[in-house]
Amino acid sequence: MNCIDTLPEAQRFVAQFKVGSYRRIVALTGAGISTESGIPDFRSPGGIWSQRQPVQYQDFVDDENSRLEDWDRRFEMMDYFARAEPNAAHLALTNLARAGKLTCLITQNVDGLHQRAGFPEDLLVEIHGNSTYATCLFCGARADLESQKPAVEIGRSPRCSRCDGLLKAAVISFGQQMPELELQRAAEAAADCDLFLVLGSSLVVHPAAQLPAIAVRAGAELVILNGQETPLDSYASTVVRTPLAQTFADFGE
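If you count the sequence shown from 1, position 91 lands on 95 in this note's numbering, and the numbers rise without skipping.
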């Protein structure tokens, strides 16, 4: 395993992604790509969950106070997301997709920064959902988050304008069933790539943590770009420890 921890070497290394022989690159992104855009981490010490425990899905369904707590959290995160901007790593992935090199981007993030970086929607798989809009738990209708503030401010859970079902941010909560279609797409993409990139994921959250192993078993090369060690580093041909935004700063179009 090759370990790169200097910025010039890392920048030279990632340049091969766009000019090398890879034809079916798949990427998995985690919180580490978005912290460099100013979005706080959830899981790390001092992160959001160390300050405010996440609301369990069943509690959201059963209890009005839990729903209001969850909505308050969503509005707080909405402010973080609004201030954040996609960084050079987000843009590099978009450029790889537009060049026909990156065939699928799987993200654990719920911040919508890949979309704001112009990443093609049809190549994006959000396995943990998206926290920038809401959906109805009954009919699936999509709803704007900002429009739900008046209801929450008077202590009432937002309801769907179509069927009066409960609205919830479209993120996958603890205890909520993972999206089967997205997981299937992610696993199939991992099994059909020639290079699997991990950017900013600790690879401790399943089922996402299984995807690099699927790729390696199918014959793909694995490259992990993450500031800290991961449980799958030994599977990788190369690990890169430098900050993602700086690593891709000169990636270009």
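A virtual CB, placed ideally from N, CA and C, is assigned to each residue, including glycine.
The structure presented is a predicted model; accordingly, all values stated were derived computationally and were not measured.
- Cβ neighbours of D76 within its own chain (closer than 8 Å, five residues either side excluded): V156.
- Close CB contacts of S161 within its chain, under the 8 Å cut and outside five residues either way in sequence, are with E68, R71, L72, W75, A155, L170, L171 (chain order).
- Rounded to the nearest whole angstrom, the C-alpha separation of L201 and R221 is 15 Å.
- Looking at the DSSP output, A138 bridges to A147, A173.
- Per DSSP, the beta-bridge partners of C108 are V30.
- Contact between the stretch 232 to 240 and the stretch 207 to 214 is established, with three or more Cβ pairs separated by less than 8 Å.
- Residues S70, E73, D74 of the same chain have their beta carbon placed closer than 6 Å to that of V59, with the five preceding and five following residues left out of the count.
- Bounds of the beta strand (DSSP E) holding L229 are 225 to 229.
- At the C-beta level, A138 and A174 come within 8 Å of one another.
- Straight across, the Cα-Cα distance linking C197 with R28 is about 5 Å.
- With distances taken between CA atoms, A35 lies nearest to P90 out of T10, P90, A14, F64.
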